[in-house]
Structure formats: C-alpha cells, structure tokens
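Student: Below is a structure I'd like to ask you about.
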Amino acid sequence: MPETSDKIHDIVVVGAGPSGLTAALLFASAGFETVLVAPAVNLEDGRTTALLQDSATLFEQIGVWESLRGFATPLSKMRMIDATGRLVRAPEVTFDSAELDLDAFGYNLRNKDLNRVLAEVAQEQTNLTFVEDLAVSYDFGDENVTVSSQDGMPIKARLLVAADGRNSQAREAAGIDLRRWSYPQVAVVLNLEHDRPHNDTSTEFHTPTGPFTLVPLPGRSSSLVCVVTPEQSETLKAMSTTDLALELEQRAHSIIGKFRIASEPQSFPLSGLSAKSLVGKRLALIGETAHVFPPIGAQGLNLGLRDVASLGKLLTSARGTGADIGSAQVLSRYESDRRSDISTRTFAVDALNRSLLTDFLPVQIARSAGLYLADKVPPLRRLLMREGIAPGTRRKAPPVRDGVH
Ligand SMILES: Cc1cc2nc3c(=O)[nH]c(=O)nc-3n(C[C@H](O)[C@H](O)[C@H](O)COP(=O)(O)OP(=O)(O)OC[C@H]3O[C@@H](n4cnc5c(N)ncnc54)[C@H](O)[C@@H]3O)c2cc1C
Numbered sequence: 008m009p010e011t012s013d014k015i016h017d018i019v020v021v022g023a024g025p026s027g028l029t030a031a032l033l034f035a036s037a038g039f040e041t042v043l044v045a046p047a048v049n050l051e052d053g054r055t056t057a058l059l060q061d062s063a064t065l066f067e068q069i070g071v072w073e074s075l076r077g078f079a080t081p082l083s084k085m086r087m088i089d090a091t092g093r094l095v096r097a098p099e100v101t102f103d104s105a106e107l108d109l110d111a112f113g114y115n116l117r118n119k120d121l122n123r124v125l126a127e128v129a130q131e132q133t134n135l136t137f138v139e140d141l142a143v144s145y146d147f148g149d150e151n152v153t154v155s156s157q158d159g160m161p162i163k164a165r166l167l168v169a170a171d172g173r174n175s176q177a178r179e180a181a182g183i184d185l186r187r188w189s190y191p192q193v194a195v196v197l198n199l200e201h202d203r204p205h206n207d208t209s210t211e212f213h214t215p216t217g218p219f220t221l222v223p224l225p226g227r228s229s230s231l232v233c234v235v236t237p238e239q240s241e242t243l244k245a246m247s248t249t250d251l252a253l254e255l256e257q258r259a260h261s262i263i264g265k266f267r268i269a270s271e272p273q274s275f276p277l278s279g280l281s282a283k284s285l286v287g288k289r290l291a292l293i294g295e296t297a298h299v300f301p302p303i304g305a306q307g308l309n310l311g312l313r314d315v316a317s318l319g320k321l322l323t324s325a326r327g328t329g330a331d332i333g334s335a336q337v338l339s340r341y342e343s344d345r346r347s348d349i350s351t352r353t354f355a356v357d358a359l360n361r362s363l364l365t366d367f368l369p370v371q372i373a374r375s376a377g378l379y380l381a382d383k384v385p386p387l388r389r390l391l392m393r394e395g396i397a398p399g400t401r402r403k404a405p406p407v408r409d410g411v412h
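Quick note: the sequence shown uses the numbering used here, first residue 8, plus one each step.
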C-alpha cells in the first residue's frame, strides 16, 4: 500500500497490461516514485507478441531483457504472400534483417511469459508500489491527480498515466473524445507444432478475410494469428484438433509441414480506436488506451512501448530542468512527440487490412504495385523495413540466448 493518502507520489499508472507494467518499471527505474494500480496480471492471454527491435532495447534499458530473452525467438525474416486468389495479385516479398545489418527485426514471446516476467520484476522494483486493485474514480486537480481504488486509500500523484486499455475509465473520466470503429473480422490465435523448421521466419499470408500469420516460437513451433469472418471463427473453434490442424496446414500451404495444435484457440474480434487527444489535465494516455488497430505487421504493442519510451524521456528531461512533470507544457510535448507515429501506423494498418477485404480493382492494383516496388526497389525496401521496425531505426538488436530455437 502507498504510505498515506496525503503523500503525493510522482506518477500513478493505472492498468497492468504490458504497456502499464513497462511504463511503471521505466518510471520507477528512472527514480520517480511510482504507484501501479491494477488487478492481477493476465496470465491466460494465449497470444504472442512480436517485439520489434526498439521494444527489446527498452526492456534492456529497464533491466528485464535478461529475464525475457530465454523465452524469445528471433525474427530474422518476414515474408508476405498474396493468398487473396484475386485477379491482380502481389508478388511474394521477403524482408531480411541482414539487409539492414541487423541480427533480427525483433523477437516473438508468449504474452503469458511477457506479462509474468514484467509483473515479477515490478514486485521487486525500488520506487514502485503495486496496488493490486481496480481503479474506480479519478479527480483531476490543478496541483495533482487523485485515483481511488476499490478497496484501498486514495492515491495522489503529480501525473496519472492511463494504461487501462481500450475501455479506459480514466480516459472517460477525463472527458477525452475518441473515434471507434470495427471490422467484420475475428482473429483466432493458437500455438502450433510443425514438422519442418521455421528458420526464424515469420510468414504473413494475405487472404480475402485478412492476414494469416505464422510467427516463430522456440524449436519447431509457431504462433498463429488467423483473421477470418466471425462465422468462420466459430467453425474453426468447433473443429476437433485433428481437423483444425489439417485445415490450418492447408491454409498455410504446408510451408512448414504437418501441424499439431499446441494450445486452446482464443478469439479476438477486431476493432480500431483512436483517442482524439493523448493528454488531459495531469493525464497521459499510453498503449491501447490511446490507439487500437488490427494485428498486422506486429505494430500494436510496439507502438504502445514507443509511447512509454517517449514519455519516460520527456519526464526525465522535465525533472532535470525542475519542471512540474504533470504540467500542461510537458504533456503537450508528449502529444506532439507521439501524434504522427500513432496516426501513420493507424492509417497504414487500417488501409492494408481494408485493401484485403475489398474486391475493388483499383485498390487491388495499388496494393500489388506497392508490394511489387517493395520487392524490386532496394532503397524502398530498406526504408519500409526500417519504418516497419520503428521510425529511424539504425542500431543492432540486443542478443538472444544461444540455443533457444
Ligand atoms: C491477435 C492479436 C495479436 C497481436 N500481436 C501483436 C504483435 O505481435 N506485436 C505487437 O506489437 N502487438 C500485437 N498485438 C497488439 C497487442 O496485443 C496490444 O497492443 C497490447 O496487448 C496492448 O497492451 P496494453 O497494456 O496497452 O493494454 P491491455 O493489455 O488491454 O491492458 C490494459 C490493462 O488495464 C487493466 N484495467 C482495466 N481497467 C482497469 C481499472 N479500472 N483499474 C486498473 N486496471 C484496469 C486490465 O486489467 C488490463 O490488464 C496483437 C493484438 C491482437 C488482438
């Protein structure tokens, strides 16, 4: 529990998904007195996350990469295959991290492992108090913000960082407007074992219902994100494991051999969300509290972790100049730092997803031409690869432990 209800902390973070946990760890390790308010961490999430290079670097910075690397499988190549079966089809494109002089574009981890490791480190972190409770109300004052949890004492801080997800009550309490939309698609996710090696290659088939993406896990196993219609998702989930394995192997054109189902399928209806402002009075939004879009090209959490890194940097620099970390001036810098990255990713992922769903010929031609150029024009390839990882990426990725794949 925080010491007294009168104590004013530096930062209170609400929500212990991967964005909130990482933010709390970053702030606390930078010396900010931080309180994290959230119910128990989700250890049932069957998804995996392809963490791109900058995310791994952030985890290295806060000292958790050592604990995560044993669960991480490198992603050295990313392959995109047009399986739309349409009149105009794009060429197959393979991006290779070696072309950017990188060991890997990033690493794939089970969300269960990611959340568990982050939560374990958070329990031990100096300057961090983890209040395992739901936040229920917010009072945004001129000098500080007060968060009340279900069972605990009110917590006061200079700044509230809202990471309570797409249905954020903190965002609503602050009156921040948003744009929400939905897609006629559901992502079915599960893990698979297969006969042939994946060679650290992630393969994204573009199908008429959305992407079908295999992402490497340790050994001869991979995670699958299969985006289909809501009806097809019910059909897939009702299948026996033998039939489901066969059906998915056919959809994967047997590129990594025979499949065995290694986890219970889970489904996630696809939707989008964009908060009209990333800040409010003594409030900053991060992760899916601020932006949600379909799982294409491993962008969602990576974008959220860039919010965290940007906010951490701004707060540290504000403290260095003696500025109030929850002031409107500091928060408006966060808004301007993050707006363009968020808008660009949201637009690009939405456009690519919709281009798969439409039969409209000019859109098909534009998508195919884009991928053709990405395949044939080296400077464009490199630009797309860099932009796909993170704006302005240049560095080597942190190493992964030998022998995990
Ligand atoms: C199928 C699929 C595959 C994906 N794959 C990738 C990928 O490969 N790479 C990638 O970068 N992204 C991926 N994403 C996106 C990624 O999963 C999300 O961006 C990420 O999980 C969002 O994390 P978050 O911490 O922002 O939000 P959440 O994980 O939603 O966390 C919000 C937290 O807030 C808590 N909370 C809610 N209300 C309260 C309250 N009142 N008080 C306290 N706490 C509260 C919740 O319990 C929850 O733990 C994928 C998404 C999907 C659907």
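Yeah, the Cβ is synthetic: ideal placement off N, Cα and C, and Gly gets one too. Source: prediction; values computed, not measured.
1. Return yes when the C-beta of Ala142 is under 6 Å from any heavy atom of ligand 1, and no when it is not.
2. In angstroms, rounded to a whole number, what distance separates the CA positions of Thr351 and Gly333?
3. I'd like to know whether the C-beta atoms of Ala79 and Leu116 end up nearer to each other than 7 Å.
4. Mind checking which residues open and close the alpha helix (DSSP H) that includes Ala164?
5. Just to check, is the beta-carbon of Leu308 closer than 6 Å to a non-hydrogen atom of ligand 3?
6. Could you give the distance in angstroms between the alpha-carbon of Glu150 and the alpha-carbon of Gly287?
7. Which first and last residues belong to the beta strand (DSSP E) in which Gly217 is found?
8. Is any heavy atom in ligand 1 found nearer than 6 Å to the beta carbon of Glu179?
9. Check whether the region 77 to 91 touches the region 173 to 186, taking contact to mean three or more Cβ pairs, one atom from each stretch, closer than 8 Å.
10. Which residues in the same chain have their Cβ closer than 6 Å to the Cβ of His205, if we skip the five residues on either side of it in sequence?
11. When the Cα of Thr2 is compared with those of Lys283, Glu200, Arg289, which residue comes out closest?
12. How many angstroms separate the CA atom of Asp17 from the CA atom of Ala142?
13. Ignoring anything shorter than 3 residues, give me the beta strand (DSSP E) runs that lie fully in the region 14 to 84, in order along the chain.
14. If Ala30 sits next to Val20, beta carbons under 8 Å apart, how far is it from one beta carbon to the other, in whole angstroms?
15. Taking the alpha-carbon positions, what's the Val168 to Tyr190 distance?
16. Taking the continuous alpha helix (DSSP H) assigned at Leu321, which residues delimit it?
17. Indicate the three-state DSSP secondary structure (helix, strand or coil) for Phe112 in the structure shown.
18. So the alpha helix (DSSP H) Glu131 belongs to, where does it begin and stop?
19. Shortest alpha-carbon distance to Ala291 belongs to which of Val128, Ala316, Pro46?
20. Quick test of the definition: if touching needs 3 or more C-beta pairs under 8 Å, does the region 125 to 139 touch the region 297 to 307?
21. What are the complete beta strand (DSSP E) segments, minimum 3 residues, inside the region 209 to 297?
22. Would the beta-carbon of Thr220 be found less than 6 Å away from any heavy atom of ligand 1?
23. Measuring alpha carbon to alpha carbon, tell me which of Arg173, Phe102, Glu99 ends up nearest Ile293.
24. Buried or exposed for Asp314, going by 16 or more other Cβ atoms inside 10 Å?
Tutor: The short version:
1. One-based indexing of the sequence shown puts residue 142 at position 135. Because some heavy atom of ligand 1 lies under 6 Å away, the Cβ of Ala142 counts as near it: yes.
2. In the sequence shown, the residue the question calls residue 351 occupies position 344. In the sequence shown, the residue the question calls residue 333 occupies position 326. Cα to Cα, Thr351 sits roughly 27 Å from Gly333.
3. Here residue 79 is taken as the residue at index 72 of the sequence shown, counted from 1. Here residue 116 is taken as the residue at index 109 of the sequence shown, counted from 1. Yes. Within cutoff.
4. Translated into the one-based positions of the sequence shown, residue 164 becomes position 157. Looking at the DSSP string, Ala164 is not in any alpha helix (DSSP H); the run it does join, the beta strand (DSSP E), is 162 to 169.
5. Ligand 3 is not part of this structure, which contains only ligand 1.
6. Along the sequence shown, read from residue 1 onward, the residue named residue 150 stands at position 143. Along the sequence shown, read from residue 1 onward, the residue named residue 287 stands at position 280. Roughly 13 Å between the two C-alpha positions.
7. As a working note, residue 217 is residue 210 in the sequence shown. Residues 217 to 224.
8. Residue 179 sits at position 172 when you count from the first residue of the sequence shown. Outside the cutoff, so no.
9. no
10. The residue you call residue 205 lines up with position 198 of the sequence shown. Within the same chain, His205 has close Cβ partners Pro223, Ser229, Ile263.
11. Absent from the structure is residue 2, since the part of the chain shown begins at 8 and ends at 412.
12. Numbered from 1 along the sequence shown, position 10 holds the residue referred to as residue 17. Numbered from 1 along the sequence shown, position 135 holds the residue referred to as residue 142. About 17 Å.
13. 15 to 21, 41 to 44, 55 to 59, 80 to 82
14. Within the sequence shown, residue 30 is the residue found at index 23, counting from 1. Within the sequence shown, residue 20 is the residue found at index 13, counting from 1. Confirmed, Cβ separation roughly 5 Å.
15. Translated into positions along the sequence shown, residue 168 becomes position 161. Translated into positions along the sequence shown, residue 190 becomes position 183. Between Val168 and Tyr190, the C-alpha separation is close to 29 Å.
16. Walking along the sequence shown from the start, residue 321 turns up at place 314. Start and end: 307 to 327.
17. Within the sequence shown, the letter at position 105 stands for residue 112. Looking at Phe112 - three-state DSSP - the assignment turns out to be coil, as it is neither helix nor strand.
18. As a working mapping, residue 131 is identified with position 124 in the sequence shown. Its alpha helix (DSSP H) spans residues 118 to 131.
19. As a first step, residue 291 must be located in the sequence shown, where it is residue number 284. Minimum Cα distance to Ala291 is reached at Ala316.
20. no
21. 217 to 224, 228 to 235, 266 to 268, 273 to 282, 290 to 292
22. In the sequence shown, residue 220 corresponds to position 213, counting from 1. Because no heavy atom of ligand 1 lies under 6 Å away, the Cβ of Thr220 does not count as near it: no.
23. The residue labelled residue 293 in the question sits at position 286 within the sequence shown. Of the listed residues, the one whose Cα sits closest to Ile293 is Arg173.
24. In the sequence shown, the residue the question calls residue 314 occupies position 307. Burial call: buried.
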